[in-house]
Amino acid sequence: MNLKKIIVYGFIALTATAAAPSYMAAPLRIGFIPFNRELDRQKALAAADFGGWVPVAGNKVIGSINDKWVGFVDLGTLEFQWWFKSDSSLAVPAGVFGDGFAYLGFSSGTIAKVSLADGKPTWQVQLSAFPTRSFIKVNDLLIAQATNGNVYAIHTETGKTQWVTDVGAVAEMSLRVGAAPVVMGNQIVLANTDGVLLALDVETGRIDWREFPQAKRSRFVGYMGHFFVNNGRFIGSRYDGVITAMRPNQDQVHWQKVIGKEILTSASFDNQLFVGTPEALLLIDVNSGAILKTVKTHHPVAFIVKSSDRYILASEFGDISSYDLEFNLMWSDYLSANLKTAPFVIGKNLYVNSGLKNIYVYRVY
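Going by the numbering used here, the residue at position 339 of the sequence shown is 336; the numbering climbs one at a time, nothing skipped.
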């Protein structure tokens, strides 16, 4: 891999941004970083990057430039610190948990633990299916939920599998979206692709309880975005518009809200729950499920990011907008790009990763 060539062609400054609609201020798009020029030239309509780029520390991020190479790059200098040669594309974002390593999951079913210092692997294991949810780490266990319905607990020191639990799956739906598992005490709470909620014992993988979805409102009832843990409850938002708060230890539904529209994502900030729909951002009362605020948007809300003084919303189709903390629109833009991972803010810049392996850069501070 020719690092010099990547660095030279790594950043192209834009002299002007695309015209924004007249009712909103134009953002300052300062450039884009094309990590895969061949793919960008082809303009593949179905190109999707499910791994994206994950911030690690400072300006450094980890991600892939194609289905063969994962890199650790400083976005300030565009210098790659190291490369890791893979056997396929990233299936999920790299897992970074502050232990000096990155956990990489590939579409071949391979999972690798690599050093953030030099990219050298500590171990690699082969699963029977590829991971379809972001990894979580519980003590010394890496939890990987795969497309075949299995949940794997892999010991982070040795790479050996401590347990495997079949939580069920819909055979014809190998989905790459959905809420990652969360930890509540000594249990891992998750959902399968058929909307069934389960709690697994951390040490053994034993299924302690399961809750089947009630009142299905569409064929797909997967949980979207993120599970939200709050005061002994976890709150999940289903694609078919049902938001549920449960107390796993009591195996009971605390409250349930039907919003009457599809849910594309969910996120929590400052003990508040946000839900993205095809036409609005909703603020939900975590104690009752009541809708506290509805912010009408001009695009679907598939990603919700919060920085110190604003919310960044994005769709999977390249729409992106910024709102202040009072939910007043600051600016909006359209990238004509396929987005599968959330934008992120580092320093003064907002970075948006597209399926064509381009990172669009906005100056937001």
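By construction, the Cβ of each residue, glycine as well, lies at the ideal position given by its N, Cα and C atoms.
When N346, M221 and D163 are compared against L195, the one with the closest alpha-carbon: Within the sequence shown, residue 195 is the residue found at index 198, counting from 1. If we check each option's Cα against that of L195, D163 comes out closest.
Collapsed DSSP secondary structure at S26 in the structure displayed: Walking along the sequence shown from the start, residue 26 turns up at place 29. It is Arg, not Ser, that sits at residue 26 in the sequence shown. In the structure shown, R26 sits in a strand (DSSP, three-state: E or B).
For K134, the nearest candidate out of Y149, K290, M221 and D64 (CA to CA): Taking the first residue of the sequence shown as position 1, residue 134 is located at position 137. Checking every option, the nearest Cα to that of K134 belongs to Y149.
Alpha-carbon to alpha-carbon, H223 and N189: Here residue 189 corresponds to residue number 192 of the sequence shown, with the count starting at 1. Here residue 223 corresponds to residue number 226 of the sequence shown, with the count starting at 1. Distance between the alpha carbons of N189 and H223 is about 14 Å.
Counted within 10 angstroms of its Cβ, other Cβ atoms place T74 as buried (16 or more) or exposed: Looking up residue 74 in the sequence shown gives position 77. Exposed, because fewer than 16 other Cβ atoms sit within 10 Å of the Cβ of T74.
For V70 and A264, the rounded distance between their alpha carbons: On the sequence shown, position 267 is the one that residue 264 refers to. On the sequence shown, position 73 is the one that residue 70 refers to. Distance between the alpha carbons of A264 and V70 is about 27 Å.
Complete runs of the beta strand (DSSP E) confined to the stretch 305 to 351 [at least 3 residues]: As far as the stretch 305 to 351 is concerned, its whole beta strand (DSSP E) runs of at least 3 residues are 307 to 311, 316 to 321, 326 to 331, 341 to 343 and 346 to 350.
Pair within 8 Å by beta-carbon distance, A109 and L124: Here residue 109 corresponds to residue number 112 of the sequence shown, with the count starting at 1. Here residue 124 corresponds to residue number 127 of the sequence shown, with the count starting at 1. Against a cut-off of 8 Å, the Cβ pair of L124 and A109 comes out as no contact.
Residue burial classification, G182 (beta-carbon count within 10 angstroms, cutoff 16): Against the sequence shown, residue 182 aligns to sequence position 185. Burial call: exposed.
Cutoff 7 Å; reference G165; Cβ partners in own chain excluding five residues on either side: Translated into the one-based positions of the sequence shown, residue 165 becomes position 168. Only G146, N189, D191 and V193 meet the Cβ criterion.
V361 versus A54 - alpha carbon distance: For the purposes of this step, residue 361 is taken as residue 364 along the sequence shown, with counting starting at 1. For the purposes of this step, residue 54 is taken as residue 57 along the sequence shown, with counting starting at 1. Across the structure, V361 and A54 are spaced so that their CA atoms are roughly 19 Å apart.
Proximity to N33 [Cα-Cα], best of K65, V58 and V51: Start at 1 with the first residue of the sequence shown, and residue 33 comes out as number 36. Of the listed residues, the one whose Cα sits closest to N33 is K65.
Length of the line joining the Cα atoms of G352 and K337: Translated into the one-based positions of the sequence shown, residue 352 becomes position 355. Translated into the one-based positions of the sequence shown, residue 337 becomes position 340. Approximately 7 Å between the Cα atoms of the pair.
Whole-angstrom distance between G233 and V358, CA atom to CA atom: Position 361 of the sequence shown, counted from the start, is the residue given in the question as residue 358. Position 236 of the sequence shown, counted from the start, is the residue given in the question as residue 233. A direct Cα-Cα distance of roughly 32 Å separates V358 from G233.
Inter-residue CB distance, P275 and V186 (contact presumed, cutoff 8 Å): One-based indexing of the sequence shown puts residue 275 at position 278. One-based indexing of the sequence shown puts residue 186 at position 189. Not quite, the Cβ-Cβ distance comes to about 27 Å (not below 8 Å), so this is no contact.
Whole-angstrom C-beta distance between F98 and L87, which should lie under 8 Å: Position 90 of the sequence shown, counting from 1, holds the residue named residue 87. Position 101 of the sequence shown, counting from 1, holds the residue named residue 98. At roughly 16 Å, the Cβ-Cβ gap does not stay under 8 Å, so L87 and F98 are not in contact.
Whole-angstrom distance between S61 and G48, CA atom to CA atom: Your numbering for residue 48 matches position 51 in the sequence shown. Your numbering for residue 61 matches position 64 in the sequence shown. Those two C-alpha atoms are separated by around 7 Å.
Nearest-angstrom Cα separation, counted from V283 out to A299: Looking up residue 299 in the sequence shown gives position 302. Looking up residue 283 in the sequence shown gives position 286. Whole-angstrom Cα-Cα distance: 20 Å.
Delimiting residues of the beta strand (DSSP E) encompassing H152: By 1-based counting over the sequence shown, the position of residue 152 is 155. N147 to H152 is the extent of the beta strand (DSSP E) around H152.
Identified DSSP bridge partners for Q184: Position 187 of the sequence shown holds residue 184. Under DSSP, Q184 forms a beta bridge with M181 and D198.
DSSP state of E208 mapped onto helix, strand, coil: Translated into positions along the sequence shown, residue 208 becomes position 211. Three-state result, E208: strand.
Alpha carbon of F77 to alpha carbon of Q253, nearest angstrom: The residue you call residue 77 lines up with position 80 of the sequence shown. The residue you call residue 253 lines up with position 256 of the sequence shown. Computed Cα separation, rounded: 47 Å.
Reduced DSSP secondary structure (H/G/I, E/B, other) of E259: Here residue 259 refers to the residue found at position 262 of the sequence shown. Here E259 sits in coil by DSSP.
The beta strand (DSSP E) enclosing F77, as first and last residue numbers: Counting from one through the sequence shown, the residue named residue 77 turns up at place 80. First-last of the beta strand (DSSP E) with F77: E76 to K82.
Rounded straight-line distance, which links the Cα of N56 to that of T241: Counting from one through the sequence shown, the residue named residue 241 turns up at place 244. Counting from one through the sequence shown, the residue named residue 56 turns up at place 59. Each residue's Cα considered, the two are about 37 Å apart.
Alpha-carbon spacing of I317 relative to K117, whole angstroms: Residue mapping note: residue 317 aligns to position 320 of the sequence shown, counting from 1. Residue mapping note: residue 117 aligns to position 120 of the sequence shown, counting from 1. Between I317 and K117, the C-alpha separation is close to 36 Å.
Run of the beta strand (DSSP E) containing Y220, from where it starts to where it stops: The sequence position of residue 220 within the sequence shown is 223, counting from 1. It spans Y220 to N227 - the beta strand (DSSP E) in which Y220 sits, taken as one unbroken run.
C-alpha gap between T262 and I301, whole angstroms: To locate residue 262, count along the sequence shown from 1; it is residue 265. To locate residue 301, count along the sequence shown from 1; it is residue 304. Cα-Cα distance, rounded: 8 Å.
Assumed close pair V179, P128 - CB separation to whole angstroms, cut-off 8 Å: For the purposes of this step, residue 179 is taken as residue 182 along the sequence shown, with counting starting at 1. For the purposes of this step, residue 128 is taken as residue 131 along the sequence shown, with counting starting at 1. Not confirmed; about 16 Å, so no contact.
S105 versus T201, V122 and F94, residue with shortest Cα-Cα distance: Locating residue 105 in the sequence shown gives position 108, where the first residue counts as 1. Checked all of T201, V122 and F94; the closest Cα to S105 is V122.
Contacting residues, own chain, Cβ-Cβ under 7 Å from K258 (five flanking each side not counted): As a working mapping, residue 258 is identified with position 261 in the sequence shown. If we look at K258 and ignore the five residues flanking it on each side, its Cβ neighbours are G238, T274 and P275.
Minimum C-alpha distance to M327 - residue among I343, F314 and H295: Locating residue 327 in the sequence shown gives position 330, counting from the first residue. Ranking the options by Cα distance to M327, first place goes to H295.
C-alpha gap between V250 and M243, whole angstroms: Along the sequence shown, read from residue 1 onward, the residue named residue 250 stands at position 253. Along the sequence shown, read from residue 1 onward, the residue named residue 243 stands at position 246. Cα to Cα, the separation comes out at about 4 Å.
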